[in-house]
Structures are given as C-alpha cells and as structure tokens.
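**Q** Residue numbers (our numbering): 207 to 321.
Note that CB positions come from ideal geometry on N, CA and C, so glycine has one too.
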C-alpha cells in the first residue's frame, strides 16, 4: 500500500505480464553476474506505470458501481417501507436483489484492492 492509505492496483495485460517476466528474468541473470542494464529497470517501471494507471481506472469504476448499488439499495428500502400491502412482496424482492448487487460490488472492490 502507498503512504496515503490508497492501494496501488495494477492491471497488467497478458503481453505486459509476459514482457515484464522476461525482463525480470533477464535482469535477475544480470544481477547474478553483477552487471545490470539500467534499461531493463526502466522498461519494467514503464510497464508498471501503465498497469498502475489502468488499475486506478478500473478501481475507480468499481467504486462508482459500488456507490450506485448502495444508492439503489437505499431507494429499494424506501420503496419497500412505503409500498402498499399488495405491493410489499415485490418491493421486498427488489430490496433483496439490491442487497445482492451491493454485496457483489463490495466483493469486487475488496478483491481489486487486495490484489
């Protein structure tokens, strides 16, 4: 985690993952020989920066989905409380579905922040 308590989320493409692994292995071999090419480190940092930018965008999108799901849940709860007796079962079902969407969104955000 970074110092401002916001996790850095990386989202590597398959090509970036392969290239980064290849560069890491090459750099490791060079480190064993004590002659590391600084260009390898720069290339890895460039890949990491790109993945971090992509990860930040994806995390922001997940937070928006989570906020929307919470707003929908609040509206569903209000609708359930104010529904006439005949419509209460449908309103209860809508609230339960909204609660499920909130749970899924929270899991997705948590998983993204932990990776």
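#1: Which of the three DSSP states is assigned to residue 209 in this structure?
#2: May I ask you to report which of helix, strand or coil DSSP gives residue 256?
#3: Going by DSSP, what residue range makes up the alpha helix (DSSP H) through residue 289?
#4: Would you give the residue range spanned by the alpha helix (DSSP H) that residue 221 belongs to?
#5: So residue 215 and residue 265 are in contact, right, with Cβ under 8 Å, and what is the actual spacing, rounded?
**A** On the basis of the data shown:
#1: Note on residue 209: pLDDT 42, under 50, position unreliable in the model; the coordinate value appears next. Note: residue 209 maps to coil in three-state DSSP.
#2: Looking at residue 256 - three-state DSSP - the assignment turns out to be helix.
#3: Unbroken run through residue 289: none, as it is neither H nor E.
#4: 220 to 238
#5: 5 Å
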